[in-house]
Amino acid sequence: MSSYTAAKTKNIPWWIPTVYLGEGLPYFAVNVLAVALYTNLGVGVKEMTFWTSLLSLPWVIKPFWAPIVDIIATKRKWVLSMQLVMAALMALITFLIPMPFYFSATLGAFFVLAFLSATHDIAADGYYMLALTHHQQAAYSGLRNTFYRIAAVAAQGGLIALAGHFHDNAGLSYTRSWSYIFALLAVVYTCIYIADRFLMPKPESDRQNHEKSIGDILRDFGDTFVTFFTKRHIVVALLFMLFYRLPEALLSKILFPFFHASRADGGLALSDQQIGLGYGFIGVIALLAGGILGGICVSMGGLKKWLWWMALSLTIPSGFYCYLAMDQPDNIWLINAGIGIEQFGYGFGFTAYMLYLIYFCEGKYKTSHYAFCTGIMALGMMLPGMASGWLLEHLSSYRFFFDTTGPTGYVNFFWFMMATAVLTFAVCYLVKIPADFGKKTTGKK
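This is the structure we're talking about:
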C-alpha cells in the first residue's frame, strides 16, 4: 500500500466531519443566524426578510463561477483558503454588531460570507469526489450528511439558544450576546481550519488544471448551459423546481419573527432558548428522520408512486402554523410537537424534490446540470423569501380570512401560504417520471 493510500484511509473518518462541519456552519450562519440576529436587534420583518433572503444569491449563481475553481489552484487549497477567510470574517462580524451602522455593515459581511461559503461548497464537494473512490463516496455519504446536519443543529439550536441564555439568564443585551456568539463561531471555525490543514490528504488527482485554457472552460460551460436549457420538458422542470417548495419558501424567513413576536403582535412570545430547542433541535432531527423515511419509501416503491404523498406531506402539516397564529397556545410541548410534525413532513416531502433533480439531470453533463438545478432550487427559496415580509405587512391590513379582533398579519399570512400549495400540486401533475425511477432493483430479470 502506498503512503498516500495509507494516509487517505487513515484520515477518512476525520477530514470528512471537519470539512462538512465547515461547509454547514457558514451556510446556517448566513441563512439562519442572520435572521435571528436581526429579529433580536429589532430590524423590521419586511426589511429583514428581503435582505436575508437576498443573501442566498451566491448559491443561486455559483454554477457560473464553479469552472474557475476547477482551473485555479487545487480543491484542497480552495477549501482551506475559504475556511481561513471565513473564520476572519466571523471574527469581524463580532466587532461590527455593536456599531451604530451595524445593519448595513453586518449585511455586507454576510454577503461576502455567503459568497465564500458557496465557493467552499464547490471546492469541498469536488474534493470529496477526488479524494475518495466511488465506493468510498457512497460508503461515507452518511457520515458527510450527518456532520452537515450537526452543523444545522449547532446553529439553529445551540447557538440561538445560547444567545437567548446570554440575554435572559446572564442579563446581557442582544448586541453583546450576538457578539459573543460570532466570537465563539470564529474560534470554532478557526479550529476547523487548523484541523483540516493537517487532516486533509493531498490526492494525486487534485491538481491544478493546466490542460484547459479559460477559453476552453468557457466553451465547455456554454455547452453545458445550452444543453441544460434545451433538455426535454425543461419548462415543466423549471416550474417544478421553482414552485414545488413554495409554501416552505414563504414560511422559512417568517417563522423566527412569528415565534419571537409578542402575543399582542400576533406571535407566540417564545424565548430564543425555546426557539432553539423546538425549531433548532427537535425540528432538525425530525427533518432528518423524514428524509430518511422518504428515501426508504422511494427505494421500495419508486418516486412516481410516492410523489403525491410527498407533496401532501410537504404542504398539509404546515397548516399547524395557521392554528398557532389563531389560537396562540402557550403549551410549549404542543408547539414543539407541531414543529416536529411539520418538519418531519417537510423532510419526507423534500425527498421527492431532490430525487426529481437527479432524474432530470441524467445524461451527458449530469454533474454540471445538477449544479444548475441546485442554483434554481436556491432561487425558488430566495424570491418568495424576499417577498414574505412584504406579504405579511400587506396582509395585516385585511380580515378576509377570519373574523378576529386580534392582529391578523400572521393568521392571514399562514393561510395565504397554505393556499399556495395549489401550485405545488399543479407542478406535481405536470411532471412525468418513469414508474421504476428510484426503486431499488432486485437484480432479477
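Residue 952 is where the sequence shown starts when you use the working numbering, and the numbers rise one by one after that. Using N, Cα and C, we set each Cβ at its ideal position, and we do this for glycine too.
Extent of the continuous alpha helix (DSSP H) to which residue i belongs
i	result
glutamate 1313	Glutamate 1313 -> no alpha helix (DSSP H), and no H or E assigned at all.
glycine 1059	1053-1082
proline 1014	Neither: proline 1014 is in no alpha helix (DSSP H) and is coded neither H nor E.
glutamate 998	996-1005
lysine 1255	1254-1266
threonine 1375	1372-1381
threonine 1359	Here threonine 1359 belongs to no alpha helix (DSSP H), and DSSP marks it neither H nor E.
lysine 1028	1026-1047
histidine 1184	Premise fails: histidine 1184 is in no alpha helix (DSSP H) and is neither H nor E.
asparagine 991	985-991
leucine 1197	1197-1203
isoleucine 1226	1223-1226
leucine 1219	From DSSP, leucine 1219 is part of no alpha helix (DSSP H); its letter is neither H nor E.
phenylalanine 934	The question about residue 934 has no answer, for the chain in this structure spans 952 to 1396.
phenylalanine 1209	1206-1211
Nearest neighbour of residue i, chosen from the options [CA to CA]
i	options	result
isoleucine 1022	Asp1171, Gly1245 and Ser1055	Asp1171
valine 1235	Pro1198, Ile1327, Ala1106 and Tyr1310	Ala1106
phenylalanine 1323	Gly993, Lys997, Pro1009 and Val981	Pro1009
isoleucine 1205	Pro977, Gly993, Met999 and Trp966	Met999
tyrosine 1079	Gly1059, Gly1218 and Lys1153	Lys1153
isoleucine 1384	Tyr1310, His1118, Tyr1272 and Leu1110	Tyr1310
alanine 1276	Val1362, Phe1301, Ala1114 and Tyr1125	Val1362
tyrosine 1125	Thr1178, Met1050 and Lys1391	Met1050
methionine 1328	Tyr1307, Asn1120 and Trp1341	Tyr1307
leucine 1202	Gln1088, Tyr1053, Pro1268 and Val1177	Pro1268
serine 1128	Asn1287, Leu1381 and Leu988	Leu988
glycine 1242	Leu1136, Lys1013, Ala1102 and Glu1293	Glu1293
threonine 969	Gln1087, Phe1098, Leu1083 and Phe1176	Phe1098
arginine 928	Leu1094, Leu1189 and Trp1029	Because the chain in this structure spans residues 952 to 1396, residue 928 falls outside the shown range and cannot be described.
phenylalanine 1367	Pro1335, Lys1390, Tyr1380 and Leu992	Pro1335
alanine 1090	Asp1216, Ile967, Leu1263 and Trp1260	Ile967
phenylalanine 979	Ala1386, Leu1239, Leu1136 and Lys1256	Leu1136
phenylalanine 1271	Leu1189, Met1261, Gly1289 and Val1138	Gly1289
lysine 1149	Gly1108, Leu1031 and Leu1081	Correcting the residue type first, residue 1149 is phenylalanine in the shown sequence and not lysine. Considering only alpha carbons, the answer is Leu1031.
valine 983	Leu1219, Asp1167 and Phe1133	Phe1133
isoleucine 1012	Ala1069, Thr1045, Gly1231 and Phe1365	Ala1069
threonine 990	Gly1093, Tyr1380, Gly1340 and Trp1260	Gly1340
methionine 1251	Gly1389, Tyr971 and Val1063	Gly1389
serine 1319	Ala1386, Trp965, Asp1174 and Ile1145	Asp1174
alanine 1200	Ile1048, Phe1365, Gly995 and Asn1096	Phe1365
cysteine 1379	Ile1145, Gly1300, Glu1313 and Tyr1230	Gly1300
Distance between beta carbons of residue j and residue i, contact taken as under 8 Å
i	j	result
histidine 1211	isoleucine 1233	Not quite, the Cβ-Cβ distance comes to about 17 Å (not below 8 Å), so this is no contact.
glycine 973	histidine 1071	7 Å
tryptophan 1002	leucine 1067	Between leucine 1067 and tryptophan 1002 the Cβ distance is about 18 Å, and since that is not below 8 Å, they are no contact.
leucine 1123	alanine 1065	Going by Cβ atoms, the distance from leucine 1123 to alanine 1065 rounds to 27 Å, so no, they are not a contact pair.
alanine 1074	lysine 1026	5 Å
arginine 1196	methionine 1332	7 Å
alanine 985	tyrosine 1140	Contact flag wrong, Cβ pair sits at about 16 Å.
phenylalanine 1191	valine 1382	5 Å
serine 1264	glycine 1296	4 Å
alanine 1240	glycine 1298	7 Å
Interface flag, residue i vs chain B, CB-CB below 7 Å
i	result
aspartate 1281	The chain labelled as chain B is not found in the depicted structure, where only one protein chain is given.
> Taking the runs of the alpha helix (DSSP H) that are 4 residues or longer, which of them lie wholly in the region 1278-1349?
Replying inline: Counting only runs of 4 or more residues that sit fully inside the region 1278-1349, the alpha helix (DSSP H) segments are 1283-1311 and 1317-1346, in chain order.
>> My parser needs the alpha helix (DSSP H) runs of 4 or more residues fully inside the region 1098-1175; what are they?
In response: Runs found: 1111-1119 and 1125-1150.
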